[in-house]
Amino acid sequence: AQSVTQLDSHVSVSEGTPVLLRCNYSSSYSPSLFWYVQHPNKGLQLLLKYTSAATLVKGINGFEAEFKKSETSFHLTKPSAHMSDAAEYFCVVSRKTSGSARQLTFGPGTQLTVLP
Amino acid sequence: DGGITQSPKYLFRKEGQNVTLSCEQNLNHDAMYWYRQDPGQGLRLIYYSQIVNDFQKGDIAEGYSVSREKKESFPLTVTSAQKNPTAFYLCASSAPPYGYTFGSGTRLTVV
């Protein structure tokens, strides 16, 4: 079984300050981990993914995440928040089913607010 | 451009009606998925399909049905047996390695 915990349901930061969105996971296997962003009433956009290569993963829009196996964490960071970063962020772990399908287990999400 | 098209964007259903949500992809992906999103709960898997004419139940399949007659299409029917169907529904497809693409969603409201 696998699960994802996002430690904060809401995070507020001021524009230009750093962003930290926390994620912890549990998985029976070596996981593939993702961060997705969702703007209101939109689909999900992939920010970045970890698939057992480098532990520090760089994504789009200046986001990055570090995989720490010892802490079972995959926190998302950005050095300087922009107003357009305001959205909901999901930490996701992937597990393989039979065949080519891979089921995603989503965390509950963190709503990021960026204050002017 | 390749992608996933979900329609309609908004859908209203009366109590006791079945409704069908459309999902079409032109990415040539084998696997397709339906997720349901409720506030504060992330996304939960309803059904998935790996190939034509095959599909598997996800974590919350009760009250839903799907078909996969064509590779490009994976429609979801929300039946009257689904007790709380009001939600945002997302369709996705994937191809190895780990590439997932999501549609823009359908918001279903029971009136």
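Residue numbers (the working numbering), protein chains in the order written: chain C, 41 to 156; chain X, 117 to 227. Cβ coordinates follow ideal geometry from the N, Cα and C atoms, glycine included.
With three or more CB-CB distances shorter than 8 Å, the stretch 49 to 69 of chain C counts as touching the stretch 108 to 118 of chain C. CA-CA distance, A93/C to G219/X, rounds to 28 Å.
Proximity to T91/C across F107/C, K82/C, H79/C peaks at F107/C, based on C-alpha coordinates. When secondary structure is reduced to three states using DSSP, S124/C falls in the helix class. Y205/X has a beta carbon lying at 7 Å or more from every beta carbon in chain C. Nearest CB-CB separation between Y126/X and chain C: not below the 7 Å threshold. Taking the Cα of A127/C as reference, the smallest distance to any Cα among T153/C, S134/C, T145/C is reached at T153/C. Per DSSP, the beta-bridge partners of G215/X are A211/X. Chain-order list of chain X residues neighbouring Q143/C: Y149, L161, Y164, G174, D175, by C-beta distance under 9 Å. Within 9 Å of the CB of S49/C, the CB atoms of chain X belong to G156, in sequence order along the chain.
If you compare the alpha carbons of T195/X, N169/X, N200/X with that of E185/X, the shortest gap goes to N169/X. Judged by DSSP secondary structure, Q46/C falls within the beta strand (DSSP E) whose first and last residues are 43 to 46. Distance check between L161/X and each of Q151/C, K98/C, F146/C places F146/C closest, using alpha-carbon atoms only. Cβ-Cβ distances below 7 Å link F171/X to Y163, Y164, S165, V182, R184 in the same chain, with the five nearest sequence neighbours on each side left out; the list follows chain order. Listed in chain order, the beta strand (DSSP E) elements of length 3 or more contained wholly in the stretch 157 to 223 of chain X are 159 to 165, 180 to 182, 192 to 194, 203 to 211, 215 to 218. Within the same chain, and ignoring the five residues on either side of T195/X in sequence, the residues whose Cβ sits closer than 8 Å to its Cβ are N134, G179, Y180, S181. Shown in chain order are the members of the stretch 74 to 91 of chain C whose Cβ falls below 9 Å from a Cβ of chain X: F74, Y76, Q78, N81, K82, G83, L84, Q85, L86, K89, T91. Put simply, the backbone Cα of L192/X is about 39 Å away from that of V53/C. When the Cα atoms are used, S72/C and V44/C turn out to be separated by approximately 12 Å. For S220/X, the nearest CB of chain C lies under 7 Å from its own CB, placing it at the interface with that chain.
Scanning T217/X, E188/X, A197/X, P212/X for the CA closest to the CA of L206/X turns up T217/X. V77/C sits buried, since 16 or more C-beta atoms from the chains shown fall within 10 Å of its C-beta. In chain C, no part has a C-beta under 8 Å from the C-beta of S181/X; the shortest such distance is about 18 Å.
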